Structure formats: C-alpha cells, structure tokens
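Asks: Before I ask anything, here is the structure I am working with.
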Amino acid sequence: MARLSIQDARNAVLEHVARVESEQVALDDAFGRVLAADAVAPNDVPPFACSAMDGFALLAADTQRAPVRLKIVGEARAGHGAGIRVRSGTAVRISTGAPLPDGADAIVRQELTESADEDVLVSEPVAVGNDVRYAGEDIARGETTLLAGTLLGSPEIGHLASLNIAEPPVVRQPRVALVSTGDELVSPGPELKPGEIRDANGPALTAAVRAAGAQVITSVRVGDDREATVATIDQALRGADILCTVGGVSVGPHDHVRPALERLGTREIFARVSLKPGGQVCFYVTPEGTLAFALPGNPASALMAFRVLVVPAIYALLGRSHTLHTTRGIAGSDLPGVIGRTTVVRCSAEMHEDGWHVTPNGEQGSHILTSLLGVPALALVPEDRELLPAGEPVDIEFVG
Ligand code: AMP
Ligand code: MG
Numbered sequence: 103m104a105r106l107s108i109q110d111a112r113n114a115v116l117e118h119v120a121r122v123e124s125e126q127v128a129l130d131d132a133f134g135r136v137l138a139a140d141a142v143a144p145n146d147v148p149p150f151a152c153s154a155m156d157g158f159a160l161l162a163a164d165t166q167r168a169p170v171r172l173k174i175v176g177e178a179r180a181g182h183g184a185g186i187r188v189r190s191g192t193a194v195r196i197s198t199g200a201p202l203p204d205g206a207d208a209i210v211r212q213e214l215t216e217s218a219d220e221d222v223l224v225s226e227p228v229a230v231g232n233d234v235r236y237a238g239e240d241i242a243r244g245e246t247t248l249l250a251g252t253l254l255g256s257p258e259i260g261h262l263a264s265l266n267i268a269e270p271p272v273v274r275q276p277r278v279a280l281v282s283t284g285d286e287l288v289s290p291g292p293e294l295k296p297g298e299i300r301d302a303n304g305p306a307l308t309a310a311v312r313a314a315g316a317q318v319i320t321s322v323r324v325g326d327d328r329e330a331t332v333a334t335i336d337q338a339l340r341g342a343d344i345l346c347t348v349g350g351v352s353v354g355p356h357d358h359v360r361p362a363l364e365r366l367g368t369r370e371i372f373a374r375v376s377l378k379p380g381g382q383v384c385f386y387v388t389p390e391g392t393l394a395f396a397l398p399g400n401p402a403s404a405l406m407a408f409r410v411l412v413v414p415a416i417y418a419l420l421g422r423s424h425t426l427h428t429t430r431g432i433a434g435s436d437l438p439g440v441i442g443r444t445t446v447v448r449c450s451a452e453m454h455e456d457g458w459h460v461t462p463n464g465e466q467g468s469h470i471l472t473s474l475l476g477v478p479a480l481a482l483v484p485e486d487r488e489l490l491p492a493g494e495p496v497d498i499e500f501v502g
C-alpha cells in the first residue's frame, strides 16, 4: 500500500475523533484547559459608567467657557460613589475606576486642572463623555465573547472572572495510555547491564501528552514477548481515549505490537505514512472507538510521529483546531529531503529582515534525540524535494 501523505493521515485520524465530554473546574484550575461552551456575558463590563482618569467629574457645558473655576463638592474613589449630584458650577474629585457621579457627563483629567481644597481651575474645554468609560463599553450583556474550543490562557481567565463565571465548563482532559516496548529498556536507576538502554520515550511522551493538554493515565513497559504485549495493551486500553505504543512496529521476529493489536480486534486504518523520521507509525481503532497509535521506537521518530498525528487527535478530542502553528520561513542552509517522504528537519531559527531563517540542528538520524534539544522550529521539506537549497522558502512549525 502506498504511504499516506501526512495530511491524508491526519485527516484519516480526525475522521475517528469526536470531542469528549465536559466538566466544570474552578477558575484557578482552568489555565490551559479548553472551554466547552460559548461564554455569554451575564452582565455589562464595566458594570457602571466610570472614570478613565484621575481628575474631576463635571458638566462638559461648564468647561466651554474655560478657563473656569468650579467648586469641589465631594470625592468619588474606586469602589465608592460620591453620594452627591454634580450641578452646574461644581465638580467632584474622582479617581480612575470610580463611578461617574449623578449629573456629571465628562471627566477632566487632573493634568488639565489646578486645584486647591475648595475649588478647581479647569484650563480647557472638554466634550460630553470625555474620559468616561460607559457601562458595557468593553462587553455588553448578552454578548458571546469566547467560543467553545478556546484555549484558556491568562486573559481568558481574567475575562471569565469579570463575567462572574467562577466555574467554567471545560472539556475533560483526554486520557492517554502509554506502552513502551523492548527488552532493552530500563528506567533511570542502577548501572546499565550489557545491552540495556534507558527508556527515553516513556518520559518524553508523558511530557508531550501533557504539553498537548491531555493526561497520562498509565505508562507501562513490556518486553518483546507476544503474549505479554497482548495482555499489556489490553490492560492499558481500559479507560483510555488514546493508546500510544512505542517500538516494536517493524516486521522483525521480535516486533509484536501490530500482531497484538490485531489479536485484540482493533481495525487498522493505516500503516506507515510518508514522513521522516516517524514514517513507520500505524493507526488503529478498537471496537470501543479508542484510537491506537503504534509509534516507532527511535526517540526522534516517536516524538515526530506523535507531533504530526497524535497531537491533532488530542486537539480534536478537546474540540480545538488542530492547526499546528505553521508559518513560512527560509532555508538558512541546505535542508535534506527524501523523495516520497515529508522530511521534518529539526532546526534552529533566527529572525532576519526577510523572516525566519532555519538551519538544521546537527545530525538528523532518527535515533538522535540531541538534534531536538532546544529546537524551536521544524522545517517541513516536501515529498518531491531531495534537497531544499539555502535561500528557498520552506514551511516551518514552531515547537510549542
Ligand atoms: P524498535 O522500534 O522497537 O525497533 O526500536 C528502534 C530503536 O529505538 C532501537 O534502537 C530501540 O532500542 C530504540 N528504542 C525503542 N524504544 C525506546 C525507548 N523507549 N527509549 C529509547 N530508545 C528506544
Ligand atoms: Mg524494539
């Protein structure tokens, strides 16, 4: 079977994803979550007309004969009204954010006045509404201000607080199960025995899952044994929205993941995509609708396949658009490509006058994780290019 392009593979994955259910969380816990329902303003913001400046509340008509001296009849501070009506010939001292006193229709900022305790000299005329913030000027009651699917950052959280939405509905975090395969893998700990290596993918994928806004419900390891692989995957699938296995997807005698997934009744949607590194990735759906990605074991391959296919799946489960911060850059030096595969080149990026220049960050082998360290940008060299010469434009994705 011909390898799918990464776009076709993404689309094939997204066909099998529906948004998961929502839950309510306290605003303090809402950062980084995805809003599950449109936010509709239950009140005006600001809730009342108020001053935009420190100065004096007065009648604009009085200032038309400026310079003019007005009698100070009271003070309005933030959180406290003046409790007095402003009439012609008078003014109320006012602070930023204080309610506009009854009768007043304009503010003169302090810099345009000279005041003593009793009265104020206004040096310039102002128009009605000058430096007044009217009720609902920022948000009018009934307005839809945030759409479902919005990622909640600090401005959105402040905004929800000003709307008195203390427990916003957010999309439940997708549950991801990780299964790392390989007899050679061990966790950080005692010295390695001959043939052993540290398990880098388990911790790296756990971090990648969290960065994408999902949670890891289990991360386990299994040796290269068919029955153990079947049993481990079967167990890991329970309660998961997504299963990611890593390693053991080739066709060698010790590659058990694909036969195990088939034994468990999963349906293969595609095997292999035209991506380098990471092209050995396979995608299955279980009878219960759980998405199962079999990622290749080489660390750079695993992370690239995760980024290209699993991140969009997590976003879709969250109801977020899967657009991956793609922009256009310029090859800062020759970028390697492979005919028939989209090559993801791990790059450093520098801003120049004509935009981002990207340069490979060292050795690009699929086993080399160091070329991903500190990398801000991935350059996507298209399938029909064996080499993308320095100076040519190239699509880049910033690593978020
Ligand atoms: P595999 O896909 O199982 O054939 O593995 C390909 C290569 O990636 C082998 O050199 C493995 O030792 C290595 N590898 C597989 N899984 C991991 C892992 N979790 N951490 C680090 N390297 C791994
Ligand atoms: Mg292996």
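Just add 102 to the spot in the sequence shown (first one is 1) and you have our numbering.
From the three backbone atoms N, C-alpha and C, an ideal C-beta is built for every residue, glycine too.
It should be emphasised that the depicted structure is a prediction, and the values quoted were computed from it without experimental measurement.
Quick one: is the Cβ of residue 494 within less than 7 Å of any heavy atom of ligand 1?
Replies: To locate residue 494, count along the sequence shown from 1; it is residue 392. Residue 494: no, Cβ never under 7 Å from ligand 1.
Asks: Please determine whether the Cβ atom of residue 428 lies at a distance below 7 Å from any heavy atom of ligand 4.
Replies: Ligands in the displayed structure: ligand 1 and ligand 2; ligand 4 is not one of them.
Asks: Under the rule that 16 or more other beta-carbon atoms within 10 Å means buried, what is residue 357, buried or exposed?
Replies: Your numbering for residue 357 matches position 255 in the sequence shown. Counting Cβ neighbours within 10 Å, residue 357 comes out buried, since at least 16 surround it.
Asks: Using beta-carbon positions only, say whether residue 477 and residue 449 come within less than 8 Å of one another.
Replies: Within the sequence shown, residue 477 is the residue found at index 375, counting from 1. Within the sequence shown, residue 449 is the residue found at index 347, counting from 1. Their beta carbons are under 8 Å apart, which means residue 477 touches residue 449 by this criterion.
Asks: Just to confirm, does residue 283 get its C-beta within under 7 Å of one of the non-hydrogen atoms of ligand 2?
Replies: Along the sequence shown, one-based indexing puts residue 283 at 181. Yes.
Asks: Beta strand (DSSP E) containing residue 481: first to last residue?
Replies: Translated into positions along the sequence shown, residue 481 becomes position 379. Per DSSP, residue 481 belongs to the beta strand (DSSP E) from 479 to 483.
Asks: Got a sec: does ligand 2 put a non-hydrogen atom nearer than 7 Å to the Cβ of residue 326?
Replies: Translated into positions along the sequence shown, residue 326 becomes position 224. Yes; taking the cut-off as 7 Å, the Cβ of residue 326 has a heavy atom of ligand 2 nearer than that.
Asks: Which class does residue 109 belong to by DSSP, given the choice of helix, strand or coil?
Replies: Working through the sequence shown from its first residue, we reach residue 109 at position 7. Of the three classes helix, strand and coil, the one that applies to residue 109 here is helix, per DSSP.
Asks: Does the Cβ of residue 488 have 16 or more other Cβ atoms within 10 Å, making it buried, or fewer, making it exposed?
Replies: As a first step, residue 488 must be located in the sequence shown, where it is residue number 386. Flag for residue 488 reads exposed.
Asks: Taking only runs that begin and end inside the segment 359 to 411, name each unbroken beta strand (DSSP E) of 3 or more residues, in chain order.
Replies: Whole beta strand (DSSP E) segments, 3+ residues: 369 to 373, 384 to 387, 393 to 397.
Asks: Tell me the DSSP secondary structure of residue 487 in three-state form.
Replies: Locating residue 487 in the sequence shown gives position 385, counting from the first residue. Coil, per DSSP.
Asks: Would you mind stating whether residue 208 and residue 231 have Cβ atoms separated by less than 8 Å?
Replies: On the sequence shown, residue 208 is found 106 positions in, with the first residue counted as 1. On the sequence shown, residue 231 is found 129 positions in, with the first residue counted as 1. A contact, by the Cβ cut-off of 8 Å.
Asks: For residue 216, which residues in the same chain have their Cβ closer than 6 Å to its Cβ, ignoring the five residues on either side in sequence?
Replies: Residue 216 sits at position 114 when you count from the first residue of the sequence shown. Closer than 6 Å at the Cβ level, and outside the excluded window around residue 216, lie 223.
Asks: Quick check: the segment 116 to 130 against the segment 267 to 283, are there 3 or more CB pairs under 8 Å?
Replies: The answer is yes - the segment 267 to 283 touches the segment 116 to 130, with three or more Cβ pairs under 8 Å.
Asks: In chain order, what residues of the same chain lie with their CB nearer than 6 Å to the CB of residue 437, ignoring the 5 residues before and after it?
Replies: The residue labelled residue 437 in the question sits at position 335 within the sequence shown. Counting only Cβ-Cβ distances below 6 Å, and skipping sequence neighbours, we find 447, 481, 483, 490.
Asks: Between which two residues does the alpha helix (DSSP H) harbouring residue 174 extend?
Replies: As a first step, residue 174 is located in the sequence shown; it is residue number 72 there, counting from the start. Per DSSP, residue 174 belongs to no alpha helix (DSSP H); it is in the beta strand (DSSP E), 170 to 178.
Asks: Tell me whether residue 421 is buried or exposed, calling it buried when 16 or more other Cβ atoms sit within 10 Å of its Cβ.
Replies: Taking the sequence shown and counting its residues from 1, the one referred to as residue 421 is at position 319. Burial call: buried.
Asks: Go to residue 258, then tell me how far its alpha helix (DSSP H) extends in each direction, as first and last residue.
Replies: What you label residue 258 is simply residue 156 of the sequence shown in a count that begins at 1. Residue 258 -> alpha helix (DSSP H) spans 256 to 264.
Asks: For residue 431, list the residues DSSP reports as bridge partners.
Replies: As a working mapping, residue 431 is identified with position 329 in the sequence shown. According to DSSP, residue 431 bridges with 496.
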